[in-house]
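This is how it looks when you write it as structure tokens:
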């Protein structure tokens, strides 16, 4: 502090009263307290709620959460991020069209195995169809990328 290296003695020798030094310290403490109070009251609750939603989506089974980056859902060891979704009407029922889909695949220890990105995913006849798929696999060596125009998904 100031007393350990004689700054208080120097301030007193310069003519500052103890009351003036104490007032400056109390003003600084009050200002920092107001900033901390405003942060705790207005900034922390939304950040905490968002963090809890993301954590829940990543740790629970088949739970989804929406964030500023789209819908996040867990499907087994996969985490799926969908940037936009559209409900469609077909001749024989309804379908769902997803755009900008990312599928993060993890192993049982939580290590990232692959990231698949599809420009579109369409739900038809109980299955997902991924279009313009790009996949990056992570292994012991460097990541490997591959792409294919269309890949059928798992049954829902």
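In my numbering, the protein residues as written are 1060 to 1215.
Note that beta-carbon positions come from the ideal geometry of N, C-alpha and C, so glycine has one too.
So for residue i, helix, strand or coil by DSSP?
i, result
"residue 1197", "coil"
"residue 1111", "helix"
"residue 1079", "helix"
"residue 1137", "strand"
"residue 1098", "helix"
"residue 1144", "strand"
"residue 1092", "helix"
"residue 1224", "This structure leaves residue 1224 out entirely; the chain is present only between 1060 and 1215."
Give me the Cβ distance between residue i and residue j, rounded to the nearest whole Å; I'm assuming they're in contact under 8 Å.
i, j, result
"residue 1174", "residue 1137", "The Cβ separation is near 10 Å, so there is no contact."
Please report how far the alpha carbon of residue i lies from the alpha carbon of residue j, in whole angstroms.
i, j, result
"residue 1198", "residue 1170", "10 Å"
"residue 1141", "residue 1101", "29 Å"
"residue 1164", "residue 1081", "59 Å"
"residue 1219", "residue 1200", "Absent from the model: residue 1219. The displayed extent of the chain is 1060 to 1215, so no value can be given."
"residue 1178", "residue 1135", "22 Å"
"residue 1089", "residue 1131", "42 Å"
"residue 1085", "residue 1076", "14 Å"
"residue 1016", "residue 1176", "Any question about residue 1016 goes unanswered here, given that the chain covers just 1060 to 1215."
"residue 1073", "residue 1092", "29 Å"
Are residue i and residue j touching if we call contact CB-CB under 9 Å?
i, j, result
"residue 1159", "residue 1129", "yes"
"residue 1157", "residue 1180", "yes"
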